[in-house]
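Respectively, the protein sequence lines represent chains A and B.
Counting from 1, one number per residue, gives the positions in the first sequence under this note's numbering.
Counting from 1, one number per residue, gives the positions in the second sequence under this note's numbering.
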Amino acid sequence: MTTTETGQTGRRTVYTTIDADIHVEVPRVQSLFPYLPEHWIEHVNNSRFKGPVDGDAAYPPNSPVTARPGSKPERGPAGSDFALLKAQALDEPGVERAIVSCSYAIDSLHHPDAAVALASATNDWLIAEWLDRDPRLRASIVVPSQIPELAGREIERVGGHPGFVQVYLPVRAQHPYGTRHYRPMWEAIARHDLVAGIHFGGAPGNPPTPSGWPSYFYEEYAGMAQVFASQLTSLVSEGVFDAWPNMRVTLIEAGWTWLPAHMWRFDKEWRNLRMLVPWVRRAPSAYIRDHVRFTIQPIDAPPSLKHLHEVMDQIGSDEILLYSSDYPHVHHADPITFLDGLSPDLARKIASENARAWYRL
Amino acid sequence: MVVAQPQVERRAHVRPAFIDCDFHNQWDSPKDLYKYLSRRWVDHIETFGLRGHAGGTYPRFLEDKAGTWPPSGRRAASEPQFVKDTFLDPERVAYAILTPLGGGQGLANLDLAAAWATAVNDWQTAEWLDFDPRFRGSIQIPAEDAARSVSEIRRLAARDKRWVQVQFSGRPHEPMGRRRYWPIFEACAEYGLHVMSHAFGSYGQPITGTGWPSFYVDDHVGPSQAMQASALSMVAEGVFEHFPRVKLVSAENGFAWFTSLGWRMDSAWHLLKQEIPHLKRLPSEVLAENLFVCTQPMEEPETAKAFHQMLEHFGPAIDRILFATDYPHWDADDPDLAFPVPIAPALQQKLYFDNAARLYGLS
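What follows is the structure, encoded as structure tokens:
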């Protein structure tokens with residue numbers, strides 16, 4: 001934090017930031033043609049299959065969640081135009097780096113060959129049209145996560161590219177990510193020393209709650225915190241962090257004010273039941289603090305700033321939160337205002353230092 | 001390897017007589033209920049069993065809590081006299097809310113579910129409610145058949161005020177606020193009953209929104225997530241606006257998540273209220289008015305300070321916390337030792353007795 005500027009909204013503190021969550025979108029499936037095998041180009045041209053769709057489930061088309069005002073280019077969805085994204089998310093004062101995710105619904109494709117072809121094409125598109133265009137960008141590898149062996153092969157294929165620092169895993173999946181089913185994928189993530197970025201959303205075909213499909217996007221959005229909590233339970237109890245002691249996981253757009261209550265419950269159950277999972281040698285909260293990070297948006301803050309800071313104290317680590325704008329998406333709380341409420345040291349850590357260390361930038 | 005207990009003070013506290021909001025009366029064998037079933041259903045059960053949904057059990061090797069097993073060798077909490085002598089009297093239980101598990105939900109055949117729920121209710125009346133005046137009942141219903149559920153609620157609640165609530169399993173077939181369940185809530189409103197959601201039990205769906213976990217420890221962390229989905233659905237669908245007298249009681253899901261659920265629901269509502277115009281108030285306010293949470297299994301933060309902060313974050317919703325033991329299960333909370341910090345006497349009185357007394361109209 002060095003300067004303040006006057007903008008439309010008044011004086012805003014400028015922090016040096018590493019933005020751990022911005023979004024790029026495939027404008028349309030035809031944009032991937034330069035990177036797709038002939039078979040799938042022909043398939044798209046000659047059938048009703050126009051690439052993966054998620055039924056507007058994770059990002060309703062014109063909700064502010066999906067596109068903040070002014071972020072939609074003339075053609076295509078928000079986050080699909082490099083020049084606009086550069087102007088709005090990268091050339092903002094203080095931005096040092098940004099890690100992009102692409103939530104193209106590869107996980108919705110039950111056809112394994114289609115999933116692989118589209119994931120590979122998306123990664124090649126990310127390299128050519130984003131990473132190669134701006135040295136400030138880093139990206140998350142898109143994988144057919146529903147078929148872990150094939151996800152592992154895709155990580156092998158592109159994991160050596162220096163622009164890729166993370167693997168994108170939608171939080172909603174067919175199975176909890178800790179289950180042994182996913183071992184080939186974790187092996188590949190570990191081999192390339194990447195971060196597993198578990199992200200809001202997903203289109204696996206099974207419902208997002210333990211009691212079926214909710215009626216409203218509001219429920220899906222608010223309830224996604226519980227899906228994140230379930231994934232966290234699975235990663236720890238299955239011993240992902242014991243099998244791969246250097247494994248790093250970022251929960252992206254998960255919220256985090258729910259974390260203390262979850263850690264308390266999980267620690268208690270572990271104390272009672274650890275004979276069932278003897279490879280889990282420490283309290284789950286200790287694994288979480290060492291191996292898991294959270295992007296700050298959405299903040300889901302209590303009404304009292306004092307209570308919010310108590311929650312951060314309960315989380316028990318200055319290193320666990322990573323600044324994110326979630327561009328072009330919007331959440332209720334403003335991330336800069338949140339940073340302004342913290343001590344300068346902690347604000348600096350969250351704004352950039354934590355992510356710089358975590359992603360080794 | 002020796003693992004240290006959390007660094008919080010643990011000692012027996014002086015505490016008031018209490019209302020146990022989650023007491024599991026159990027049958028020793030399903031055959032105990034045959035006298036409350038017609039010949040047709042006894043034959044059915046003998047031939048086809050109590051068919052539910054396969055594929056949801058875990059190795060766990062934990063039996064009911066020591067000290068709850070009657071000397072007869074029958075199952076824990078299956079003998080009211082033994083319960084009275086070893087639990088109700090010595091522990092100064094003012095009231096115990098009966099919450100039997102397996103009372104009809106989760107059965108695939110809805111006619112069987114209705115007959116079974118009726119039998120469990122008649123067993124509760126004859127062998128529990130009539131045995132000791134401190135018992136209060138949870139009506140068992142075939143929840144996926146709303147019409148039959150309503151008939152059962154009418155049959156019991158119209159003539160017997162000892163029924164205080166209707167029991168749902170932790171994972172109904174659809175999110176709990178969906179319209180298919182509204183006739184049940186309407187019947188609750190008519191008879192002054194509340195609706196309780198108890199951890200576990202499903203129609204074949206996994207305990208997470210992302211598939212089946214591998215271990216019982218995951219299964220045992222999961223109910224607090226499942227309960228939050230149910231509460232979220234009830235608020236989002238506007239159930240409490242339509243039936244303002246009907247309250248939702250969470251049993252065996254812990255309670256520390258209550259506040260952060262409200263914060264998240266509020267931040268989502270500010271962003272998305274256009275989608276749910278029927279929800280006109282802050283969701284956290286709706287939650288704080290209508291959701292009651294049983295304590296067990298009591299959260300145990302790493303520090304006493306964090307536990308006190310957690311209670312303070314409840315604000316006025318501190319009146320929504322209900323003490324419960326989960327007797328006789330392996331992880332039942334001891335009424336003297338469950339709170340990990342000393343609780344001031346006035347607050348003890350609320351948590352152990354007054355909050356539940358007001359909710360259920362007990363004195």
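Note that the Cβ used here is the ideal one computed from N, Cα and C, for glycine as well.
For B:Tyr216, the secondary structure class from DSSP, reduced to helix, strand or coil, is helix. Under the three-state reduction of DSSP, B:Cys294 is assigned to strand.
In the displayed model, A:Asp242 falls within a helix according to three-state DSSP.
Within the same chain, and ignoring the five residues on either side of B:Ala189 in sequence, the residues whose Cβ sits closer than 8 Å to its Cβ are Phe243, Arg245 and Val246.
Where A:Asp267 is concerned, the enclosing alpha helix (DSSP H) starts and stops at Leu259 to Leu273. Residue contact with chain A for B:Phe23: absent (no Cβ-Cβ distance below 8 Å to any residue of chain A). At the C-beta level, A:Ser352 and A:His199 stay beyond 8 Å of one another. Where A:Ser237 is concerned, the enclosing alpha helix (DSSP H) starts and stops at Phe217 to Ser237. The three-state secondary structure of B:His194, taken from DSSP, is strand.
Residues are counted here when their Cβ sits less than 7 Å from a Cβ of chain B; for the region 193–218 of chain A these are Asn206, Pro207, Pro208, Thr209, Pro210, Ser211, Gly212, Pro214, Ser215, Tyr216, Phe217 and Tyr218, given in chain order.
C-alpha of B:Lys350 to C-alpha of B:Ala344: approximately 10 Å in a straight line.
Between the region 327–344 of chain B and the region 334–342 of chain A there are fewer than three C-beta pairs closer than 8 Å, too few to call the two in contact. About 17 Å separates the Cβ atoms of A:Ala229 and B:Gln205, ruling out a contact at the 8 Å cut-off.
Between A:Gly79 and A:Glu129, the gap from beta carbon to beta carbon reaches 8 Å or more. For a cut-off of 8 Å, the C-beta gap from A:Val95 to A:Thr17 is around 5 Å, short enough to register as a contact. Separation of B:Phe240 and B:Leu33 (C-alpha to C-alpha, rounded to the nearest whole angstrom) is 35 Å. Residues of chain A whose Cβ lies closer than 9 Å to the Cβ of B:Val341 do not exist; the shortest such Cβ separation is about 13 Å.
In terms of beta-carbon proximity, A:Val249 stays away from the interface with chain B, with every pair separated by 8 Å or more. In the DSSP assignment, A:Ile336 falls within the alpha helix (DSSP H) that extends over Pro335 to Asp340.
Residues of chain A with a Cβ closer than 7 Å to the Cβ of B:Val217 are, in chain order, Ser237, Glu269, Trp270, Leu273, Leu276 and Val277. Interface with chain B (8 Å Cβ-Cβ cutoff): A:Arg265 is included. Around the Cβ of B:Leu337, a 10 Å sphere holds fewer than 16 other Cβ atoms; the residue is exposed.
Around the C-beta of A:Lys268, 16 or more other C-beta atoms lie within 10 Å, and the residue is accordingly described as buried. Going by beta carbons, B:Pro59 and B:Tyr352 fall outside the 8 Å limit.
With a beta-carbon spacing of about 5 Å, B:Ala251 and B:His198 fall inside the 8 Å limit used to define contacts.
Under the Cβ distance rule, B:Ile276 counts among the residues neighbouring chain A, one pair being separated by less than 8 Å. Burial is judged here by how many other beta carbons sit within 10 angstroms of a residue's own beta carbon; B:Arg264 has at least 16 and is buried. If the five residues before and after A:Tyr182 are omitted, its C-beta is found closer than 6 Å to the C-beta atoms of Pro148, all from its own chain and listed in chain order. Each residue's CA atom was taken as its position, placing B:Gly67 and B:Pro90 some 13 Å apart. When DSSP states are grouped into helix, strand and coil, A:Leu276 belongs to the helix group. Between A:Gly197 and A:Leu235 a beta carbon distance of about 13 Å is seen, past the 8 Å cut, so the two are scored as non-contacting.
The region 72–80 of chain B makes no contact with the region 219–237 of chain B, as fewer than three CB pairs between them are under 8 Å.
Taking a cut-off of 8 Å for Cβ pairs, the region 109–118 of chain B and the region 39–57 of chain B touch, as three or more such pairs fall below it.
By the C-beta criterion, the region 286–300 of chain A is judged to be in contact with the region 241–250 of chain A, since at least 3 inter-stretch pairs fall below 8 Å. Counting along the chain, B:Pro223 sits inside the alpha helix (DSSP H) bounded by residues Pro223 to Ala236. Scanning A:Glu219, A:Leu276, A:Ala301 and A:Val280 for the CA closest to the CA of A:Leu259 turns up A:Ala301.
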